[in-house]
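The structure appears below as structure tokens.
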Amino acid sequence: MSKRTQLADKLIEKIKKKEASVAVLGLGYVGLPLAIEKAKTGFSVFGIDKSEFKVTKLNRGESYIRGIDEKQLK
């Protein structure tokens, strides 16, 4: 088995066990809901955005997108 296949198998196993971390680049109207859904399914999620406004709001547990309740950010 090649090194590449071994790494792929390890990643697949981590995904199945929800042990893999997920990074979402861009926390706008597509990225933030994606990050929330991945977190709901049990993944550790890291959201990354260049907007200081968005990052500050999220760190406070505040939503800046209509339709996303602040309870979903906890």
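Using the numbering used here, the first residue of the sequence shown is number 1, and each one after it goes up by one.
The beta carbon of each residue, even a glycine, is placed where N, CA and C say it ideally should be.
How would you label residue i, buried or exposed, when you count the other beta carbons within 10 angstroms and need 16 or more for buried?
| i | result |
| --- | --- |
| LEU25 | exposed |
| LEU27 | buried |
| ALA35 | buried |
| LYS38 | buried |
| LEU32 | buried |
For a quick check, are the C-beta atoms of residue i and residue j less than 8 Å apart?
| i | j | result |
| --- | --- | --- |
| LEU58 | GLY42 | no |
| LYS54 | TYR64 | yes |
Keeping to the same chain, check which residues put their C-beta closer than 8 Å to that of residue i; ignore five residues upstream and five downstream.
| i | result |
| --- | --- |
| LYS14 | ALA20 |
First and last residue of the beta strand (DSSP E) that includes residue i?
| i | result |
| --- | --- |
| PHE46 | 44-48 |
| VAL24 | 21-25 |
Ends of the alpha helix (DSSP H) at residue i?
| i | result |
| --- | --- |
| THR76 | In the structure displayed, the chain extends from 1 to 74; residue 76 sits before or after that span and is not available. |
| GLU37 | 31-40 |
Which of helix, strand or coil does DSSP assign to residue i?
| i | result |
| --- | --- |
| LYS74 | coil |
| GLU52 | helix |
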